[in-house]
Amino acid sequence: MFVEQYDDSGHKIKEHELEFKYSMMLPAFKGVDAVANVEGLCNPRGFVFVDDHQCNPTYKNIYAAGVCIAIPPVEATAVPTGAPKTGYMIESMVTAIVHNIADDLAGKEGTTLATWNAICLADMGDTGAAFVALPQIPPRNVAWFKKGKWVHMAKIAFEKYFIRKMKKGTSEPIYEKYILKMLGIGKLK
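In our numbering, the protein residues as written are 502 to 690.
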């Protein structure tokens, strides 16, 4: 794999080849043209601007969540980067959106805020990494990370659990909600 290496000021140091057995490169994400071309809706990369209530500041009837939203970088970097988004963080956003749309339909102003908390089990073959970040975007109150084979096993168990609850039509069983609450992890502020 051929890469360019940059210093902290953004100046290219060198181009070189990295040896690898297995590699994956992700291109820079970009929003879809149909949405990106709407004046005042998106940033230059096509990601939707949202306020604290997941609502677009220009178009108050447009809400957005997940990978399509414009999250400003925590700090400037020489090479542009995007903020990672996890499933739980996106669930938090969607939960806030549902409450705010319900308020909007009832003629009230939406006041519900998502926590943007992150829980992640990342499977990497026969090992993995687990992290909790509360909230996901710094400054954080909690930043926990562990790795090992147990994460791979936990991810397999979680996938089975997740598929089962989706088949049953229960997105958040009461015991799951209370266990996360005991751990200080919630979807709404």
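All C-beta atoms, glycine included, are put in the ideal place defined by N, C-alpha and C.
Starting from residue i, follow the beta strand (DSSP E) in both directions and report where the run begins and ends.
{"i": "threonine 628", "result": "628-635"}
{"i": "histidine 517", "result": "513-518"}
{"i": "alanine 623", "result": "619-625"}
CB-CB under 6 Å to residue i, same chain, minus the five flanking residues each way: which ones, in chain order?
{"i": "valine 575", "result": "Pro639"}
{"i": "histidine 512", "result": "none"}
{"i": "alanine 623", "result": "Gly629, Ala630"}
{"i": "methionine 590", "result": "Trp617, Ala619, Gln637"}
{"i": "glutamate 518", "result": "Phe503"}
In whole angstroms, give me the CA-to-CA distance for residue i and residue j.
{"i": "proline 528", "j": "alanine 658", "result": "30 Å"}
{"i": "tyrosine 523", "j": "asparagine 544", "result": "34 Å"}
{"i": "lysine 669", "j": "phenylalanine 663", "result": "10 Å"}
{"i": "asparagine 557", "j": "glutamate 516", "result": "41 Å"}
{"i": "alanine 571", "j": "methionine 502", "result": "30 Å"}
{"i": "glycine 685", "j": "glutamine 637", "result": "14 Å"}
{"i": "alanine 603", "j": "threonine 582", "result": "34 Å"}
{"i": "aspartate 605", "j": "valine 599", "result": "10 Å"}
{"i": "histidine 653", "j": "phenylalanine 646", "result": "14 Å"}
{"i": "alanine 597", "j": "methionine 625", "result": "31 Å"}
{"i": "alanine 615", "j": "glutamate 520", "result": "42 Å"}
In the DSSP assignment, find the unbroken alpha helix (DSSP H) run with residue i in it and report its ends.
{"i": "lysine 656", "result": "650-669"}
{"i": "valine 504", "result": "From DSSP, valine 504 is part of no alpha helix (DSSP H) but of the beta strand (DSSP E) over 503-507."}
{"i": "asparagine 601", "result": "588-606"}
{"i": "lysine 678", "result": "675-683"}
{"i": "aspartate 534", "result": "534-537"}
If you count every other CB in all the chains shown that lies within 10 Å of the CB of residue i, and 16 or more means buried, which is it?
{"i": "valine 633", "result": "buried"}
{"i": "tryptophan 617", "result": "buried"}
{"i": "glycine 547", "result": "buried"}
{"i": "asparagine 642", "result": "exposed"}
{"i": "serine 672", "result": "exposed"}
{"i": "asparagine 538", "result": "exposed"}
{"i": "methionine 594", "result": "buried"}
Under 8 Å Cβ to Cβ from residue i, same chain only, skipping five residues before and after it: list those, please.
{"i": "glycine 649", "result": "Thr628, Gly629"}
{"i": "valine 549", "result": "Gly532, Val536, Leu542, Cys543, Asn557, Ile563, Ala565, Cys569, Ile570, Ala571"}
{"i": "proline 674", "result": "Lys666"}
{"i": "methionine 526", "result": "Met502"}
Check whether the Cβ atoms of residue i and residue j lie closer than 8 Å to each other.
{"i": "threonine 613", "j": "leucine 681", "result": "no"}
{"i": "lysine 586", "j": "glycine 567", "result": "yes"}
{"i": "alanine 579", "j": "aspartate 509", "result": "yes"}
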